[in-house]
Amino acid sequence: MVSSAATRVAARLEAGLDEVLGDAHRRGPGGPGRSADLRRDRLVIRSHDLLEPCPRRASRPADDYEDRVVTTRRRVGLLVLRRLWGEAPPVPPRGWRVDPGALGPTVRAVFDTPDVWPLQLWEWTRSLDQAGRAALAAGVVTWCDGVIRLVGTARDVSWCDPSLPIRRDVPGRAVGLAATLDATRRTMEGERLLVVTGAASPTARRVLAGQAVLVRTAVARRDRVARVTLAMPPSGQLEHHVVDDALLDLAVDRVVEHAALRVRPDDAPPRPSRSCVHCHLLDECDAGSEHLGCRPGVVAGPAAGRPVDDQDRRHQGTST
Amino acid sequence: MRVNDWLVELLSSEPQVRREELSELRDAIDAEATSLLDASGVPVDDGPVVVSKSRLAQLDRCERSTVASWEATTPPEPPSVSALAGRALDHFVAQVLVGGRLRESSHDLRAALVAHGDHEALGRIDEWEGGDDGVEFDRCIDGLAAAVLDAWTGVDPSWAPRTQVPAVTALAGGRLRVSGVVDVELGGPHTTRPGVVVEVKSGAAAASHRHETYLYGLLVALRDGTAPAVVAQWYPGTAPAGVAVTIGVLEAAAERLLAGVRQWSRLLAGAPPSASPGVWCGWCRVQEDCDVAPVADGGKAVAVGDGDEAEYTPEVEGEQPW
């Protein structure tokens with residue numbers, strides 16, 4: 002993507018946010034000045050926020066994050082891949098490849114290297130005992146193996162540092178855009194991005210690709226991204242997205258639509274589906290309760306907010 | 030028999046399915062799946078039809094129970110001793126393969142459940158503490174842990190062992206997703222060892238387990254574009270029961286899969302489900318409203334299966350290095 006395209010997309014994003022946010026979440030005159038106020042006022046829009054099909058649920062995202070194997074294995078896996086690639090010879094001999102059999106020992110080595118870890122992740126890992134860390138290590142080995150099996154072992158891959166989230170603030174706004182990004186490669190035609198995902202629908206995958214480019218290029222105004230590849234280890238597939246105006250416009254439009262929902266949650270209509278059974282808002286959502294054939298509050302038990310049935314997982318965006 | 034000794038015997042195994050055969054089989058499955066979905070009347074707007082290994086097993090048992098659990102809007106019953114034993118076995122195998130050892134089964138299981146955030150299982154174990162169920166459970170997992178240590182210690186790292194590996198394939202233009210989570214994968218096309226798939230089972234051997242293992246062989250073959258050399262079941266205290274993967278094995282798996290797709294899509298389109306009584310009635314959600322269900326046994330008779338399977342992404346054509 003050439004810089005003029007980045008400028009065009011940045012302008013489209015700015016205009017869109019102006020329209021839906023007005024003076025809300027604005028930095029500078031009239032907006033929060035102190036950093037504490039800015040943190041409190043900041044609206045962070047993550048890739049997976051854009052994939053939520055129900056506007057009401059999207060307007061009030063669940064705040065139920067918990068460190069566990071499935072939510073941490075990707076970040077620990079990136080530490081492992083960075084170490085494996087870091088141990089490669091500077092000029093690898095012909096036919097050089099990462100040995101999948103080295104994954105187990107490398108995971109153990111990473112567990113013994115605290116200075117490469119994001120602090121919170123390291124503290125959680127330290128809170129686990131030996132068997133808990135073995136459970137995490139097993140999840141990490143499987144994640145890494147799936148990635149290596151799919152993307153190969155090209156020496157010039159740069160795996161992302163999980164201590165440095167891919168997040169950028171929109172200029173002039175207390176609005177942060179965060180994307181999932183796992184690796185980059187520099188090529189003659191520009192930078193290539195790799196996103197490892199389990200996103201189910203083609204549209205969801207396109208949104209993920211667009212958000213990665215948007216955050217990497219249009220907001221940061223730094224790199225020229227030529228292509229985004231989504232890697233899906235469970236299905237053994239790679240999907241390439243050429244970076245063009247249509248991809249970036251899709252990403253901008255989704256961000257603007259989502260920002261509108263977040264600042265006016267009471268206006269967000271429900272879109273009932275079978276997913277309602279897991280929704281954290283079900284207690285107060287008549288439409289969802291009606292769809293499920295029960296009174297509000299009846300279903301809100303241990304399952305609320307957690308997917309338990311495969312049919313409902315199709316909307317989940319990213320694989321961690 | 031130690032698993033590593035069994036693997037040594039497999040070192041010279043070669044994939045017996047040619048890529049062209051696999052490609053033809055895939056095309057045939059895809060065409061048949063498309064035809065089945067077209068004929069079923071399942072609305073396309075409802076999203077993809079999902080058929081997991083667990084759902085196929087449920088359909089084999091009772092259509093009515095399968096539909097009831099799919100339609101359920103309340104959490105399932107808490108896991109039974111045998112169901113949790115199945116989860117424990119998976120955790121123990123993973124721990125030994127990656128961590129190399131087990132210390133104290135009850136402690137190690139809790140630690141693994143904490144790492145996985147499996148609060149449901151932890152709560153259930155707490156409930157059993159000090160009671161008969163707790164004693165039974167501890168005795169059960171002690172035996173499982175000992176068997177895992179005995180069998181799974183010392184697997185050569187060159188087999189690149191990995192556990193709980195998802196395998197998903199999309200068919201009929203994305204309208205059908207078939208999924209499974211393989212308990213253990215060893216070797217494979219990106220290693221120097223033949224591909225081996227092992228399904229770990231905590232209960233008694235059953236004929237249906239063999240079919241489940243064949244299905245995993247098919248899913249891994251479709252995922253990797255190369256069939257594994259061997260698929261096997263492993264039960265604690267026994268040697269792995271392996272079968273060389275031939276095109277016939279994969280065709281048998283495909284046939285069973287398509288029968289399940291036919292059955293499930295018919296039910297999704299509104300056909301009345303049939304009821305088939307069995308030990309599964311003990312944990313069925315509609316047991317009390319069912320004319321054919323026998324007296325409930327409290328859900329302790331046998332393990333239901335290996336739990337819900339993670340669902341992933343439909344595939345996209347045009348594979349090439351990124």
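Quick note, the sequences are listed as chains W and B, same order.
Anchor point for the first sequence: position 304 equals 305 in the numbering used here, and the numbering is continuous, going up by one each time.
Anchor point for the second sequence: position 201 equals 230 in the numbering used here, and the numbering is continuous, going up by one each time.
For each residue, glycine too, the CB sits at the ideal point set by N, CA and C.
In this text the structure is predicted, and so the values were computed from the model without any measurement.
Classification of residue i by the beta-carbon crowding that lies within 10 angstroms, buried from 16 upward
i, result
"His26(W)", "buried"
"Gly298(W)", "Note that Gly298(W) scores 41 on pLDDT, short of 50, meaning its location in the model is unreliable; the coordinates nonetheless yield the value given after this. By the neighbour-count rule (16 or more Cβ atoms within 10 Å), Gly298(W) is not buried but exposed."
"Leu113(B)", "buried"
"His136(B)", "exposed"
"Tyr264(B)", "buried"
"Arg98(W)", "exposed"
"Asp34(B)", "exposed"
"Leu239(W)", "buried"
"Arg48(B)", "exposed"
"Ala16(W)", "exposed"
"Ser98(B)", "buried"
"Thr8(W)", "exposed"
"Tyr66(W)", "exposed"
"Asp326(B)", "Residue confidence for Asp326(B) is low, a pLDDT of 46 falling below 50, so the modelled location carries little weight; the figure read from the coordinates is stated next. Asp326(B) should be labelled exposed."
"Pro163(W)", "buried"
"Ala282(B)", "buried"
"Leu36(B)", "buried"
"Gly266(B)", "exposed"
CB of residue i within 9 Å of CB of residue j, strictly
i, j, result
"Val226(B)", "Val249(B)", "yes"
"Gly217(B)", "Thr255(B)", "yes"
"Gly140(W)", "Arg83(W)", "no"
"Val321(B)", "Ser305(B)", "yes"
"Gln131(W)", "Ala140(B)", "yes"
"Gly147(W)", "Pro44(B)", "no"
"Val260(B)", "Gly246(B)", "yes"
"Trp86(W)", "Arg169(W)", "no"
"Leu297(B)", "Asp75(B)", "yes"
"Gly209(B)", "Lys82(B)", "yes"
"Ala260(W)", "Pro271(W)", "no"
"Val39(B)", "Ala258(B)", "Per the sequence shown, the amino acid found at residue 39(B) is Leu instead of Val. Contact: yes."
"Pro101(W)", "Ile149(W)", "yes"
"Val152(W)", "Val111(W)", "no"
"Arg132(B)", "Pro302(B)", "no"
"Val142(W)", "Arg291(B)", "no"
"Asp68(W)", "Gly146(B)", "yes"
"Ala175(W)", "Arg265(W)", "no"
"Thr21(W)", "Val257(W)", "According to the sequence displayed, residue 21(W) carries Val and not Thr. Yes, Cβ-Cβ distance for Val21(W) and Val257(W) is below 9 Å."
"Val214(W)", "Leu194(W)", "yes"
"His120(B)", "Leu151(B)", "no"
Bounding residues of the beta strand (DSSP E) (the contiguous stretch that carries residue i)
i, result
"Ile46(W)", "Leu44 to Arg47"
"Gly209(B)", "Leu205 to Leu215"
"Glu192(W)", "Gly191 to Val197"
"Val32(B)", "Unbroken run through Val32(B) is the alpha helix (DSSP H), Val32 to Leu39; no beta strand (DSSP E)."
"Val80(B)", "Val78 to Ser81"
Delimiting residues of the alpha helix (DSSP H) encompassing residue i
i, result
"Thr73(W)", "Val70 to Gly87"
"Ala236(B)", "Ala236 to Asp253"
"Arg291(B)", "Ile276 to Leu297"
"Ser98(B)", "Glu92 to Glu100"
"Leu138(B)", "Ser134 to His145"
"Leu118(B)", "Val110 to Gly128"
"Asp246(W)", "Asp246 to Val264"
"Val164(B)", "Asp161 to Trp181"
"His148(B)", "His148 to Trp157"
"Ala256(B)", "Segment: none, Ala256(B) is in no alpha helix (DSSP H) and carries neither H nor E."
"Pro106(W)", "Leu104 to Phe112"
"Thr212(W)", "According to the sequence shown, residue 212(W) is Gln rather than Thr. Run containing Gln212(W): Pro203 to Val214, per the alpha helix (DSSP H) assignment."
"Arg150(W)", "Gln131 to Val152"
DSSP beta-bridge partners of residue i
i, result
"Leu65(B)", "None, per the DSSP bridge assignment."
"Gln238(W)", "Met233(W)"
"Pro195(B)", "Val210(B)"
"Asp287(W)", "Bridge partners of Asp287(W): none, in fact."
"Gln262(B)", "Glu228(B) and Ala270(B)"
"Thr188(W)", "Gly191(W)"
"Ser159(W)", "Thr185(W)"
"Asp170(W)", "Gly177(W)"
"Leu200(B)", "Leu205(B)"
Integer-rounded CB distance, given that residue j should sit under 8 Å from residue i
i, j, result
"Thr198(W)", "Thr181(W)", "7 Å"
"Ala62(B)", "Leu205(B)", "5 Å"
"Asp254(W)", "Ala6(W)", "Contact flag wrong, Cβ pair sits at about 16 Å."
"Ala144(B)", "Leu129(W)", "5 Å"
Cβ-heavy atom distance, residue i to the ligand MN, below 8 Å
i, result
"Asn33(B)", "Of ligands this structure carries none, so the ligand MN is not represented either."
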